[in-house]
Amino acid sequence: QPLSGNITRLVLTRFSIGVLTIIMPLPFEFARGLKKGHKVNKTKFRPRHSARKGRITTHNKFIRDIVREIVGFAPYERRTMEFLKVSREKRALKFLKQRLGTHLRAKRKREELQKIIIQQRKAASAH
C-alpha cells in the first residue's frame, strides 16, 4: 500500500513448515487471490469468429458503393441530408432515431451522411 510519494510498504507472506515460520517478500504488492505471490502470464487466445460481426470486408464495401451509386439515397436519407445542409444536426438525429430505432445507429448514419455531404461539396468546388 502506498505510504507517501513513491515509497511503498513491502508486502510479506508467512508460511509455516512444522514449527518454523518463514516470512518472505512477495514478488508483487498484494497477497490476494488464488495464486498468492505467484506471477502468471495471461493466455492469449485468437479472437473468436463471432467478433467479426459488423465488420465490412473490402468486397462488401465495393459492392455497397456500386449499389449506392446506381440506386442513390433512400427518401429518409435525402430528408436527413437536407436537415444537415441547413445545420439542423439535432433534428436530423431525432429523425434518424425515429426511422432507424436506436440512438447509436442514428449517430452512425448521421456521421456517414455528413461525410457524403462534405465529399459532394469538395467535388462541386473542384469543378
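This note's numbering numbers the first residue of the sequence shown as 149 and each following residue consecutively. Backbone N, C-alpha and C define an ideal beta-carbon position, used for all residues, glycine too. On a predicted model such as this, the values are computed, not experimentally measured, just so you know.
Using the C-alpha atoms, what's the distance from residue j back to residue i?
{"i": "Gln268", "j": "Gln262", "result": "10 Å"}
{"i": "Thr250", "j": "Phe221", "result": "20 Å"}
{"i": "Lys192", "j": "Ala199", "result": "15 Å"}
{"i": "Ser235", "j": "Arg196", "result": "42 Å"}
{"i": "Thr205", "j": "Ala271", "result": "26 Å"}
{"i": "Ser194", "j": "Lys201", "result": "Note on residue identity: the sequence assigns Arg, not Ser, to residue 194. Going by the C-alpha atoms only, they are around 15 Å apart."}
What do you reckon, are the CB atoms on residue i and residue j nearer than 9 Å?
{"i": "Ile266", "j": "Met229", "result": "no"}
{"i": "Thr224", "j": "Phe243", "result": "The sequence shown places Tyr at residue 224, not Thr. Cβ atoms of Tyr224 and Phe243: closer than 9 Å."}
{"i": "Leu241", "j": "Lys255", "result": "yes"}
Here's the rule: buried if 16 or more other CB atoms are within 10 angstroms of the residue's CB, otherwise exposed. What is residue i?
{"i": "Lys257", "result": "buried"}
Using only CA atoms, which one of the options lies nearest to residue i?
{"i": "Arg226", "options": "Pro195, His197, His207, Arg247", "result": "Arg247"}
{"i": "Lys238", "options": "Glu259, Ala274, Thr205", "result": "Glu259"}
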